[in-house]
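Student: After the structure tokens below, expect a handful of questions from me.
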Amino acid sequence: APITRQSGNWQGKSFIRGGRAFLRQALYMPALVAVRHNPDLMATYKRLIENGKPFKVAIVAVMRKLIITANALLRDDRKWQDNRA
Numbered sequence: 016a017p018i019t020r021q022s023g024n025w026q027g028k029s030f031i032r033g034g035r036a037f038l039r040q041a042l043y044m045p046a047l048v049a050v051r052h053n054p055d056l057m058a059t060y061k062r063l064i065e066n067g068k069p070f071k072v073a074i075v076a077v078m079r080k081l082i083i084t085a086n087a088l089l090r091d092d093r094k095w096q097d098n099r100a
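Residue 16 is where the sequence shown starts when you use the numbering used here, and the numbers rise one by one after that.
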């Protein structure tokens with residue numbers, strides 16, 4: 016998640032460093048592939064970029080969607096079903 020450095024009126028630059036580093040590393044490349052090949056995640060990514068979000072913020076949002084989907088599939092003991100016809 017983005018972390019903002021600020022103190023009083025001074026505002027530093029936000030950076031993405033929070034959370035588990037190994038999980039971020041494991042999800043980065045799958046998120047890049049998903050943005051190119053999954054229409055739902057591509058739409059999410061494009062919407063964020065069009066709204067002025069930086070590349071890393073948009074990719075982290077896609078990574079989060081991937082992990083939420085994976086957790087839901089494991090929780091419900093289901094397999095991935097591609098909705099494209």
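Don't be surprised by glycine CBs; every beta carbon is placed ideally from N, CA and C.
1. Indicate whether the contact test is met: 3 or more Cβ pairs, each with one atom in the stretch 59-76 and one in the stretch 88-99, closer than 8 Å.
2. Would I64 pass as a contact of A73 if the rule is Cβ separation under 8 Å?
3. Below 6 Å CB to CB, which residues in the same chain sit around M57 once its five sequence neighbours on both sides are set aside?
4. Should M78 be labelled buried (16 or more other beta-carbon atoms within 10 Å of its own) or exposed?
5. Is it right to say L42 is buried, meaning 16 or more other beta carbons lie within 10 angstroms of its own, or is it exposed?
6. Considering Cα atoms alone, identify which of L38, N98, Y60 is closest to V48.
Tutor: So, to answer that:
1. no
2. yes
3. V50
4. buried
5. buried
6. Y60
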